[in-house]
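Worksheet: the structure to be examined is printed underneath.
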Amino acid sequence: MTSLGDRIMSQPDLFVGIDVVKDELVIHLHPTGTLRRVVNNKTGLAMLGRKLTQLAGRACLRIGFEASGGSERKLAILLDRLGLRATEAPRPQASIAVSVL
2 MTSLGDRIMS QPDLFVGIDV VKDELVIHLH PTGTLRRVVN NKTGLAMLGR KLTQLAGRAC
62 LRIGFEASGG SERKLAILLD RLGLRATEAP RPQASIAVSV L
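Residue numbers for the sequence shown follow the working numbering, beginning at 2 and rising by one.
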C-alpha cells in the first residue's frame, strides 16, 4: 500500500505558467511545451479549471501567474477554490524596465 506522500513524490512535476491579459489567459506547460489560450471570462476560467484539475491527478502542478493590475483576481479565486497552490509573480515595475533601457 502506498501512502499519499509516496504517490505525490512519484508524480512528475508539471510547471504551469499563466500570462494574464485583460481579455485572455495564455497558459504554457513545461516540459511538454503545450501552449493554450482561453478567454479571460467565466467560460474560459471554467475550462481552465477542468483542465488543471485533470492534470493535477497525473502530475504535481507548479503554477505561477503574473499579477496584471486586477485582471488576475478571478484566476486567483478559481485556483484557491480548486485547492491548487499557485504563486503570483509581482508585476514588473516601470522604473526597473526603464533603468534597463
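We treat Cβ as the ideally placed atom computed from N, Cα and C, and that holds for glycine.
- Query: Hey, how far is the Cα of ALA87 from the Cα of GLY34?
  - Reply: 19 Å
- Task: Report, in whole angstroms, the separation of the C-beta atoms of ALA1 and ASP14, which I expect to be a contact under 8 Å.
- Result: The chain is shown only over 2 to 102; residue 1 falls outside these bounds and no answer can be derived.
- Of all the options GLY71, PRO32, LEU46, ALA68, which has the alpha carbon lying nearest to the alpha carbon of LEU83? LEU46
- Task: Just tell me which of ARG63, THR44, ASN42 has its CA closest to the CA of PRO32.
- Result: Selected option, being the one with the closest Cα: ARG63.
- Message: Among the candidates GLU89, GLY18, MET48, whose CA atom is the shortest distance from the CA of LEU1?
- Response: The chain is shown only over 2 to 102; residue 1 falls outside these bounds and no answer can be derived.
- Item | Residue from GLN55, GLU73, LEU30 with nearest C-alpha to ASN41 | GLU73
- Under a Cβ-count criterion, where at least 16 other Cβ atoms within 10 Å of its own Cβ denotes burial, should VAL22 be classed as buried or exposed? Under a 10 Å Cβ-count criterion, VAL22 is classified as exposed, with fewer than 16 other Cβ atoms of the shown protein chains found around its own Cβ.
- Name the two residues that bound the continuous beta strand (DSSP E) containing ARG92. Per DSSP, ARG92 belongs to no beta strand (DSSP E) and is neither H nor E.
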